[in-house]
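Here our numbering is used: the first residue of the sequence shown is 17, the next is one more, and so on. Working notes for the structure below.
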Amino acid sequence: MASIRAIYRNGQLQPLDRVELTDGQEVRIQILDEHSRTRAVLADILIHVEEPDLQDSFDEISLQREIDAAVKGVTLSDLIIEERKEGR
Numbered sequence: 017m018a019s020i021r022a023i024y025r026n027g028q029l030q031p032l033d034r035v036e037l038t039d040g041q042e043v044r045i046q047i048l049d050e051h052s053r054t055r056a057v058l059a060d061i062l063i064h065v066e067e068p069d070l071q072d073s074f075d076e077i078s079l080q081r082e083i084d085a086a087v088k089g090v091t092l093s094d095l096i097i098e099e100r101k102e103g104r
């Protein structure tokens, strides 16, 4: 499949680009003005992303438990205080 530019003059489409067709060959044409062509190209590359419904999937209590488990142990401030006591 090829895409070419053309001008419509006196009831006929005149190609602006070279075409590789044989005389009498039937073709299918889709007419797009420059604005429509640009919109079609952009529509092909855009991706629709739905926002997740956080109300249904968000469990604050479970998240807090995960955070608490991850930071369990000696805090940074405790390490600094300990180092100062040891004179480092």
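The beta carbon of each residue, even a glycine, is placed where N, CA and C say it ideally should be.
Just reading off the beta strand (DSSP E) that residue i is part of, what are its end residues?
i: Gln28; result: Gln28 to Pro31
i: Arg55; result: Run containing Arg55: none in the beta strand (DSSP E); it sits in the alpha helix (DSSP H), Glu50 to Ile61.
Below 8 Å on the Cβ atoms is my guess for residue i versus residue j; work out the distance and round it to an integer in Å.
i: Ile23; j: Leu32; result: 6 Å
i: Leu62; j: Ala56; result: That pair is no contact at about 11 Å.
To the nearest angstrom, how far is it from the Cα of residue i to the Cα of residue j?
i: Ser52; j: Val87; result: 55 Å
i: Glu37; j: Ala59; result: A quick correction: the sequence has Leu, not Glu, at residue 37. Taking the straight line joining both Cα atoms gives about 29 Å.
i: Ser78; j: Glu67; result: 22 Å
i: Glu102; j: Ala85; result: 28 Å
i: Val43; j: Thr54; result: 23 Å
i: Gln30; j: Arg21; result: 9 Å
i: Glu98; j: Gly89; result: 14 Å
Pick out whichever of the options has its Cα sitting closest to the Cα of residue i.
i: Val35; options: Asn26, Gly89, Ser93 and Ala18; result: Ala18
What residue range does the alpha helix (DSSP H) around residue i cover?
i: Ile97; result: Leu92 to Glu102
i: Ile83; result: Glu76 to Ala86
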